[in-house]
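Reminder that position 103 of the sequence shown reads as 103 in the UniProt record's numbering, one-by-one numbering, no gaps.
Glycine residues also receive a C-beta, built at the ideal position from the N, C-alpha and C atoms.
Okay, so here's the structure we're looking at.
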Amino acid sequence: MSNFTFETLNDKDFEILSTDIVSRVESVKVDRFKPGKDQGVDGRFFGSDGEVVIQVKHYLCSGFSKMLYSCKNTEFPKVEKLAPKRYIFICSLPLSRLQKSKLTDAFFPYLKEKDIYGQENLNDQLELNPDLIKKHYKLWLTSSSVLDKLLNNATFNHSNFTLDEIQSFSKFYVKTKNHIKAMEVLDNTHCLVVSGQPGVGKTTLAQHICLELVGNNFEFVEIEEDIKEGFQSYQKGKKQVFYFDDFLGSNYLDSIQRKESSSIVKFFKAIKSDSDKRFILTSRSSILNQTKNLTELFARSSFERNEYELNCVFS
């Protein structure tokens, strides 16, 4: 039985999840809109009688009383102005029968009790649609078993600390097109180099891809300084994701002189041929390009053909 509290989702995450659920329940495509003043509309679709408006409220920490006050004084005037044929209200709070009745009163005559989704209703729908749980991977972080997995699967203490840090910031992360494309690259090649200019979010993207994989039973191994750490932690028959942030670093010429680049290419080849492994690295574009130009091995490898690369830019 699903029992998610949605506390690891930010407002946008919860809105996307909610509209996905409505889309599944109503068997329609739901329109969503860019961030900004929503004027009481977080999603909509068109039924036989006209426009159906969806409003989503993530009031988990504020409580029902504050949400009800906002509904009466802020949201109802918006709904009254829209005058939709049908109004669907979704919130992350658990709701009693009395509380649902108060919400229908607050939005009378636009809201019917059957069109109110509280925490329990959302969990019921997730139970019926487990593929949505897989899609919205941050939901997994509400599970104590997954949190245990995050902490206990780490090979090194620094992997443990890194995972804990990623998890604490995950509620602020919004999955972008870069994330989806990165997962496609990983599915096809098992390896991914996230490159880009400083400050574009390379590390954030790479870390949350790792987090998604951990939730899918991969052990997290952070390579902190040397690719040798990856070889030492490699275990045949075990699902593992290796993460190497800024793998060339500012001293990339030293890395080349130590022939570390050849070891990285060798590790790539091992990962590519092993369906249980994933390898995620980050690098500044300028350093990666210079390394390709200076290193024959990189020039001959698939780096040059960009098979593994995702150039990260601001969305």
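Outcome for P77 when other beta-carbon atoms lying within 10 angstroms are tallied against a minimum of 16
The residue you call residue 77 lines up with position 77 of the sequence shown. Its Cβ having fewer than 16 others within 10 Å, P77 is exposed.
Cβ separation of F231 and S159, assumed to be a contact under 8 Å, to the nearest whole Å
Against the sequence shown, residue 231 aligns to sequence position 231. Against the sequence shown, residue 159 aligns to sequence position 159. Incorrect: roughly 15 Å between the Cβ atoms, too far for contact.
Just verifying my parser: in three-state terms, what is the DSSP assignment at Y87?
Residue numbering aside, residue 87 sits at position 87 when the sequence shown is read from its first letter. In the three-state scheme derived from DSSP, where H, G and I count as helix and E and B as strand, Y87 is classed as strand.
On the CB-based measure, 16 or more other CB atoms within 10 Å of its CB, does T74 come out buried or exposed?
As a first step, residue 74 is located in the sequence shown; it is residue number 74 there, counting from the start. So T74 counts as exposed.
In whole angstroms, give me the CA-to-CA distance for K181 and P109.
Along the sequence shown, read from residue 1 onward, the residue named residue 181 stands at position 181. Along the sequence shown, read from residue 1 onward, the residue named residue 109 stands at position 109. Cα-Cα distance, rounded: 44 Å.
State the DSSP-derived secondary structure class of K114, mapped to helix, strand or coil.
Position 114 of the sequence shown holds residue 114. Here K114 sits in strand by DSSP.
Three-state class that DSSP yields for T280 in the structure shown:
One-based indexing of the sequence shown puts residue 280 at position 280. According to the sequence provided, residue 280 is Ile. The question's Thr does not apply to it. Collapsing the DSSP output to three states places I280 in a strand.
Would you check if there are 3 or more beta carbon pairs closer than 8 Å linking the region 126-139 to the region 93-110?
Under the 8 Å Cβ criterion, the region 126-139 does not count as touching the region 93-110, having fewer than three qualifying pairs.
Return the chain-ordered list of same chain residues with a C-beta closer than 7 Å to the C-beta of K28, the five sequence neighbours on each side being excluded.
Position 28 of the sequence shown, counting from 1, holds the residue named residue 28. What sits at residue 28 in the sequence shown is Val, not Lys. F45, listed in sequence order.
Those residues which DSSP pairs with E222 across a bridge:
Within the sequence shown, residue 222 is the residue found at index 222, counting from 1. Note: E222 sits in a beta bridge opposite Y243.
Is DSSP giving D13 helix, strand or coil here?
Taking the first residue of the sequence shown as 1, we reach residue 13 at position 13. In the structure shown, D13 sits in a helix (DSSP, three-state: H, G or I).
For the alpha helix (DSSP H) holding V79, just list the boundary residues, first then last.
Counted from its first residue, the sequence shown places residue 79 at position 79. It spans F76 to L82 - the alpha helix (DSSP H) in which V79 sits, taken as one unbroken run.
Per DSSP, what kind of secondary structure is K57 in: helix, strand or coil?
Along the sequence shown, one-based indexing puts residue 57 at 57. Three-state DSSP puts K57 in a strand.
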